[in-house]
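To convert a position in the sequence shown, counted from 1, into our numbering, add 192.
Here's the structure we're looking at; comments come further down.
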Amino acid sequence: MSAETMEGHAVMEEQSGKLWSGGKSPFKSSYGKLMMWYFLLSDAFTFAGFLIAYGTLRFSNATWPVPDFVFSSFPFLKGTHYPLLFVSLMTFILLASSFTMIRAVQEGKEENKSGIVKWMIYTIIGGLMFLGCQAWEWNTLISTEHMTISTNPFGTHLESGVYLDDEHGHAYAAAAERETFDAGDSYLIHRADEQWLKRRFELTSGPNTGQVSQQEFGPKAFGALFFCITGFHGFHVFSGVVFLILIAVNVANGLYAKRRNGYEMVEKIGLYWHFVDLVWVFVFLVFYLL
193 MSAETMEGHA VMEEQSGKLW SGGKSPFKSS YGKLMMWYFL LSDAFTFAGF LIAYGTLRFS
253 NATWPVPDFV FSSFPFLKGT HYPLLFVSLM TFILLASSFT MIRAVQEGKE ENKSGIVKWM
313 IYTIIGGLMF LGCQAWEWNT LISTEHMTIS TNPFGTHLES GVYLDDEHGH AYAAAAERET
373 FDAGDSYLIH RADEQWLKRR FELTSGPNTG QVSQQEFGPK AFGALFFCIT GFHGFHVFSG
433 VVFLILIAVN VANGLYAKRR NGYEMVEKIG LYWHFVDLVW VFVFLVFYLL
């Protein structure tokens, strides 16, 4: 082997050491941040698969529940409908926590330990509030409206008609008392004493005019996809909160101050948190608005 070849190998080895031994990579990013980007990219494909599956089923089923009807509850306000108001509050909380995470990263660039801890605490509070809201939403759907991964009590009428009995299964005393509905209207099948109260109705339009039928359960895939997608995202938020707490404690103890790298660990958890927020925007768009 010639001296020039040996010298060339030596230069390459030296450059390789600089690239992957804590130095700068060809992407102007440290090894740790590069691996975080790889993880987020793979996770993005997973969420994309879930959302594409949901969209495909959503637009191939005429009786798919309407989000404005399903997600219309609000804590401490019963008997009235507030379409998407609560989930909009959840979205605002998560986006606000993304802003506080930005401030924590900025304080890290300035090596301001107290500022980092302060803004990370705000971010943690935002994450916990979001998880609390999601727990309330799940509890309402499961305990109050009895939706599960295999049972969907929300349905949609395909034709206009008139109900023959009320929400409690009692027949109307007079025809004038009967409640009417139009094609496209949503309904919720109520449950009492371990029995489903499917209301009977008579169709007043379409080729089946005069036919008497009863409410049917909505597509099972709705409940399964809802709990799967929001649960998977909620797990990411929970994991993020745990890591935020651990990193905030380490920052407060001065663990990262010695590295003099602008608190890169804070920046990496910031990338993860912004990803979680961005994914929720797509979940909100696809699941709650379509």
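Virtual Cβ for every residue (Gly too), placed ideally from N, Cα, C.
- Message: Short of 7 Å in beta carbon distance, which residues of its chain neighbour Leu320, apart from the five on each side in sequence? Order them along the chain.
- Response: Working through the sequence shown from its first residue, we reach residue 320 at position 128. Within the same chain, Leu320 has close Cβ partners Val433.
- Task: Could you check which residue in Arg391, Val471 and Ile461 has the C-alpha nearest to that of Ser378?
- Result: For the purposes of this step, residue 378 is taken as residue 186 along the sequence shown, with counting starting at 1. The shortest C-alpha separation from Ser378 is found at Arg391.
- Task: Would you decide whether Gly347 is buried or exposed? Buried here means 16 or more other CB atoms lie within 10 Å of its CB.
- Result: Looking up residue 347 in the sequence shown gives position 155. Answer is buried; the Cβ neighbour count reaches 16.
- How about Gly318 and Thr283: are their beta carbons less than 8 Å apart? Within the sequence shown, residue 318 is the residue found at index 126, counting from 1. Within the sequence shown, residue 283 is the residue found at index 91, counting from 1. Taking 8 Å as the Cβ cut-off, Gly318 and Thr283 do not qualify as a contacting pair.
- Query: Who are Asp357's beta bridge partners in DSSP?
  - Reply: Your numbering for residue 357 matches position 165 in the sequence shown. Answer is Ala363, bridged to Asp357.
- What distance in whole Å lies between the Cβ atoms of Pro275 and Leu481, which are believed to be in contact at a cut-off of 8 Å? Residue 481 sits at position 289 when you count from the first residue of the sequence shown. Residue 275 sits at position 83 when you count from the first residue of the sequence shown. Contact flag wrong, Cβ pair sits at about 11 Å.
- Message: So, with DSSP's three-state summary, where would you put Leu403?
- Response: Position 211 of the sequence shown, counting from 1, holds the residue named residue 403. Note that residue 403 corresponds to Gln in the displayed sequence, not to Leu. Coil, per DSSP.
- Query: Skipping 5 residues on each side, what residues in its chain have a beta carbon closer than 7 Å to that of Tyr314?
  - Reply: In the sequence shown, the residue the question calls residue 314 occupies position 122. Taken in chain order, the residues that qualify are Thr292.
- Task: Figure out for me which residue from Ala288, Phe467 and Ile381 has the closest Cα to the Cα of Val262.
- Result: The residue labelled residue 262 in the question sits at position 70 within the sequence shown. For the set Ala288, Phe467 and Ile381, the Cα lying nearest the Cα of Val262 is the one of Ile381.
- Task: Note down the Cα distance separating Gly214 from Leu463, rounded to an integer number of angstroms.
- Result: In the sequence shown, residue 214 corresponds to position 22, counting from 1. In the sequence shown, residue 463 corresponds to position 271, counting from 1. Residue placement at Gly214 cannot be trusted, given a pLDDT of 49 that sits under 50; what the coordinates show is reported in the next sentence. When rounded, the separation of the alpha-carbon atoms in Gly214 and Leu463 is 19 Å.
- Message: So Ala413 and Leu249 are supposed to be a Cβ contact under 8 Å. How far apart are they, rounded?
- Response: Within the sequence shown, numbered from 1, the residue matching residue 413 stands at position 221. Within the sequence shown, numbered from 1, the residue matching residue 249 stands at position 57. Right, the Cβ-Cβ distance comes to about 5 Å (below 8 Å), so this counts as a contact.
- Is it the case that the Cβ atoms of Val443 and Ile285 are separated by a distance below 8 Å? Along the sequence shown, one-based indexing puts residue 443 at 251. Along the sequence shown, one-based indexing puts residue 285 at 93. No. Outside cutoff.
- Message: On the criterion of 16 or more Cβ atoms from any shown chain inside 10 Å, does Ala182 qualify as buried, or is it exposed?
- Response: This structure cannot settle anything about residue 182, because the visible part of the chain is limited to 193 through 482.
- Apart from the five residues just before and just after Gln403, which ones in its own chain have a Cβ nearer than 8 Å to its Cβ? For the purposes of this step, residue 403 is identified with residue 211 of the sequence shown, where counting begins at 1. Within the same chain, Gln403 has close Cβ partners Glu394 and Leu395.
- First through last residue of the alpha helix (DSSP H) which encompasses Ser290: The residue given as residue 290 occupies position 98 in the sequence shown. Taken as a continuous stretch (DSSP letters only), the alpha helix (DSSP H) holding Ser290 covers Leu277 to Lys301.
- Query: What does a CB cutoff of less than 6 Å around Gln326 pick up in its chain, not counting 5 residues either side in sequence?
  - Reply: Stepping through the sequence shown from its first residue, residue 326 is reached at position 134. Excluding sequence neighbours, Gln326 sits near Gly426.
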